[in-house]
């Protein structure tokens, strides 16, 4: 039995690095294509402006990020393949930042045009680049989800708005003291249905920060339990025994996924 298990592991590992392993990478490929299509739809289908007209538009603009995060989490690569791909994709991410976003920001600044939308788009890209680097470095799929979703919550929290008001030496009465109504914070406006007051903004920021910390710090068993709520028709005992038997460590939740890749790593490494 042990010999058969070793043969099966080596077969799985060889499939992962060959054409026959497309089935192994099917989820990653499909999600990547969907993420690119969704990002293209947002980039070309919506005006490049700061204003967010309603909560629906905000959700649609977040969809490409969610799909891309799930695509990164769905990667099933051996250690040797991860090392090779990291030499390609990490420099590529840097080039997208340095040769696409930076020149446009410089051009907008030199021509007195707003580069706010570029920065809003650049920030999720940086989050995804960091998450991808973590995954290619050997991080688990669950860890990738933790990082991606926690960081996007930090972006959406409004902490940057508060930092703008507090760390800069403002002299304009419009910004000092801190305004009582935050008319410029569109992501808060669509949530409350009107511009947020100062205290509402503080609560909004605090809630997002707490959620981000919880995503990063809650034990794996909590996320496995939450993940079980979205899998109807399975008893708790069946779910736990199935998790232990498959060794995926709750990969359908926020954390887990590293153990599922170990046979490929062993065979290829």
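Numbering (our numbering), first residue to last: 237 to 505. Using N, Cα and C, we set each Cβ at its ideal position, and we do this for glycine too.
If you draw a straight line from the Cα of residue 385 to the Cα of residue 348, it is about 34 Å long. Annotated three-state conformation of residue 433 is strand, per DSSP.
Counting other Cβ atoms within 10 Å of its Cβ, residue 408 stays below 16 and is therefore classed as exposed.
Residue 418 carries a strand assignment under DSSP once its states are collapsed to helix, strand and coil. Annotation: residue 366 to residue 423 spans about 24 Å, alpha carbon to alpha carbon. With a cutoff of 7 Å on beta-carbon distance, residue 304 and residue 364 are scored as near each other. Here residue 297 carries a helix assignment [DSSP, helix/strand/coil]. Taking a C-beta distance under 7 Å as the contact criterion, residue 452 and residue 382 qualify as a contact pair.
Judged by pairs of C-beta atoms under 8 Å, the region 307-326 does not touch the region 278-288, as fewer than three such pairs exist. Between residue 309 and residue 271, the CB-CB gap reaches or exceeds 7 Å.
Scanning 311, 360, 345, 350 for the CA closest to the CA of residue 329 turns up 360. Burial state of residue 372 is buried, judged by a 10 Å Cβ sphere holding 16 or more other Cβ atoms. Burial state of residue 441 is buried, judged by a 10 Å Cβ sphere holding 16 or more other Cβ atoms.
In this structure, residue 275 and residue 300 form a Cβ contact; the two beta carbons are roughly 4 Å apart against a cut-off of 8 Å.
If you draw a straight line from the Cα of residue 376 to the Cα of residue 338, it comes to about 31 Å. The three-state secondary structure of residue 282, taken from DSSP, is coil.
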